[in-house]
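Here the structure comes first, spelled out in structure tokens, and everything after it is commentary.
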Amino acid sequence: MAFVNEHYLKLSAGYLFPEIARRVAAFAAERPDVAREIIRCGIGDVTEALPQCAVQAMHQATDELADRATFKGYGPGSGYDSVRGAIAQGDFRSRGLDVADDEIFLSDGSKGDCGSILEILGAGNRLAVTDPVYPVYVDANVMFGNAGAAMAGGGYEGITYLACHEANGFLADVPSDDATDASGARVPAPDVIYLCSPNNPTGTVMDRARLTAWVAYARKHRALLFWDAAYEAYNRDADAPRSVYEIPGARDCAIEFRSFSKSGGFTGVRCGYTVLPKSVMAYTRAGVAVALHPLWMRRWNTRSNGVSYAVQRAAESLYSAEGRAQVGALVDFYMENARILREGAMQLGWKTWGGENAPYVWCKTPAGYDSWQFFDRLLREARVVTTPGAGFGRCGEGYFRISAFNSRANVEEVVRRLGNLQRSEQLQALEPV
Ligand code: MLT
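Using numbering that gives the first Met the number 0, the first residue of the sequence shown is number 0, and each one after it goes up by one.
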């Protein structure tokens with residue numbers, strides 16, 4: 000008899016983005032006359048062509064593969080040395096940060112890494128996540144058995160949710176060591192903490208002082224910080240760290256996840272990487288410190304033959320002078336979209352966050368609507384797909400996210416349609432907050 004991983008049975012609902020796609024498909028089937036008008040600003044999927052440098056690098060790699068003399072078979076599980084070197088130099092050492100080439104591990108994207116990193120940790124680590132949160136962190140931990148039952152109203156038992164709300168600027172506060180739960184019991188310090196900045200979904204960025212406090216907290220409690228920097232290229236705030244390794248001490252407690260999806264437009268190409276410093280430790284039950292770097296290396300060499308050769312070459316090309324310029328232009332394009340969306344929403348009187356250092360604009364739903372209701376309203380009446388905040392956690396209720404990944408024409412059309420909806424008789428009855 001084959002046994003199932005029963006942790007999967009705890010998952011409370013389908014993954015957020017397929018649920019959105021299901022609702023959009025149902026609406027399109029119901030209203031085929033307007034289906035072509037639907038503009039998708041839900042999932043953060045890029046729309047513009049790949050940077051030319053990446054296209055050329057893939058063509059060249061294909062030519063090499065077509066020639067017996069330059070053909071490549073299996074590559075190193077954690078990536079070719081030249082690619083790891085370009086990343087370590089380009090993203091870290093050129094900014095004064097101490098990261099060695101062999102501390103870079105390439106993968107098919109940071110979504111997978113955020114979950115598969117759990118394979119080298121023991122069972123039963125106490126997880127802390129922000130609320131709202133990118134749902135992958137939570138679902139992956141539920142699948143690995145690091146959570147209890149789903150709770151009525153959202154979330155899972157056994158996970159520490161770090162409430163992010165208007166009062167703290169949607170930024171996670173370091174928990175107090177004396178925190179107690181509703182029954183008065185002391186809440187144990189988390190062992191693993193996921194932080195994402197620039198943040199998905201709220202678009203906010205974590206300042207240096209707050210991240211410094213998080214690093215101190217992790218070191219004090221011998222916890223691990225998982226720093227998701229997938230949107231780092233969008234960060235324009237000089238005070239907001241672009242890498243966790245800007246903070247002294249982070250090399251002892253932090254693992255950083257990066258992605259080329261949003262910087263190089265690689266959502267379909269698939270490439271990202273993890274930075275795992277050799278000084279990061281976790282502990283045996285007997286309290287013996289164990290370096291995680293060799294375990295992660297071992298894991299890659301056993302579980303994978305790495306990222307495809309052509310894709311690695313494309314990723315490497317992003318670090319050339321022309322590659323940097325092309326990535327910069329792509330990011331600038333989406334950031335201009337974000338500005339148009341943010342200012343458009345603000346002109347309608349909607350309270351907004353994000354959009355200045357991230358490709359996401361986080362808005363408060365008009366009074367009288369929960370976030371799924373407003374999602375449905377925007378879909379049906381404006382033919383605009385957004386992401387309801389409730390899909391990111393309890394504290395996301397009452398908000399929605401607009402993605403800036405779209406064509407300029409579509410973004411301008413979204414602002415026009417939201418304005419029409421706002422001015423329409425039905426929405427006039429609603430007081431924007
Ligand atoms: C999002 O829309 O939150 C992201 O596109 C999801 C992802 O990067 O996996």
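Yeah, the Cβ is synthetic: ideal placement off N, Cα and C, and Gly gets one too.
Notebook entry, point to check: In three-state terms, what does DSSP make of Ser115?
Noted result: helix
Note to self: Using a Cβ-based criterion (distance less than 7 Å to any ligand heavy atom), does Ile42 qualify as near ligand 1?
What the structure shows: yes
Margin query: Residues in the same chain with beta-carbon distance under 7 Å from Leu511, minus the five sequence neighbours each way, listed in chain order, please.
Written below: Residue 511 falls outside the range modelled here, since the chain spans only 0 to 432, and no answer is possible.
Note to self: So the candidates are Tyr79, Tyr155, Glu47; which of them puts its Cα closest to the Cα of Leu8?
What the structure shows: Tyr155
Checklist line | Spatial neighbours of Thr351 in its chain, beta-carbon cut-off 7 Å, leaving aside the 5 residues before and after | finding: Arg341, Ala344, Met345, Val360, Trp361, Cys362
Checklist line | Cβ pair Gly264, Glu47 closer than 8 Å | finding: yes
Notebook entry, point to check: In the structure shown, what three-state DSSP assignment does Pro31 receive?
Noted result: coil
Note to self: For Val384 and Ala313, which I take to be in contact (beta-carbon distance under 8 Å), what is that distance rounded to the nearest angstrom?
What the structure shows: So it is not a contact: roughly 29 Å between Cβ atoms.
Notebook entry, point to check: Is Thr266 helix, strand or coil by DSSP?
Noted result: coil
Notebook entry, point to check: In the DSSP assignment, what residue or residues form a beta bridge with Tyr282?
Noted result: Ala288
Checklist line | Assumed close pair Gly392, Gly153 - CB separation to whole angstroms, cut-off 8 Å | finding: 6 Å
Check: Does the beta carbon of Ala344 sit closer than 8 Å to a beta carbon anywhere in chain C?
Finding: You won't find chain C in this structure, because it holds only one protein chain.
Next item on the list: Using alpha carbons as the reference points, say which of Thr273, Tyr308, Glu29, Ala328 lies closest to Ser109.
Entry: Thr273
Check: What residue does the alpha helix (DSSP H) around Cys52 start on, and which one ends it?
Finding: 51-64
Notebook entry, point to check: Under the criterion of a Cβ to heavy atom distance below 7 Å, does Ser196 qualify as lining ligand 1?
Noted result: no
Notebook entry, point to check: What residues are listed by DSSP as bridge partners for Thr434?
Noted result: Because the chain spans 0 through 432 in this model, residue 434 falls outside it and cannot be assessed.
Next item on the list: Please report how far the alpha carbon of Phe104 lies from the alpha carbon of Gly84, in whole angstroms.
Entry: 11 Å
Note to self: Pop quiz: Val137 and Ile116 are said to be a contact at Cβ under 8 Å. What is the actual Cβ separation, rounded to whole angstroms?
What the structure shows: Not confirmed; about 14 Å, so no contact.
Margin query: Run through the DSSP bridge pairs and tell me what Ser106 is partnered with.
Written below: Gly271
Check: Using CA coordinates, which residue listed in Pro17, His220, Ser319, Gly144 is at the minimum distance from Gly123?
Finding: Gly144
Checklist line | Tyr133: CB within 7 Å of a non-hydrogen atom of ligand 1 | finding: yes
Notebook entry, point to check: By a C-beta neighbour count over all protein chains shown, 10 Å radius and 16 as the cutoff for buried, is Glu118 buried or exposed?
Noted result: exposed
Next item on the list: Check each candidate in Leu347, Pro293, Asp107 and name the one with the smallest Cα separation from Leu120.
Entry: Pro293
Note to self: If the criterion is Cβ atoms closer than 8 Å, does the pair Ala53 and Leu329 meet it?
What the structure shows: no
Check: Is it the case that the CB of Lys277 approaches a heavy atom of ligand 1 more closely than 7 Å?
Finding: no
Item checked: Close-in-space but distant-in-sequence residues of the same chain around Ser106 (CB under 7 Å, 5 per side omitted) -> Asp112, Gly271, Tyr272, Thr273, Val306
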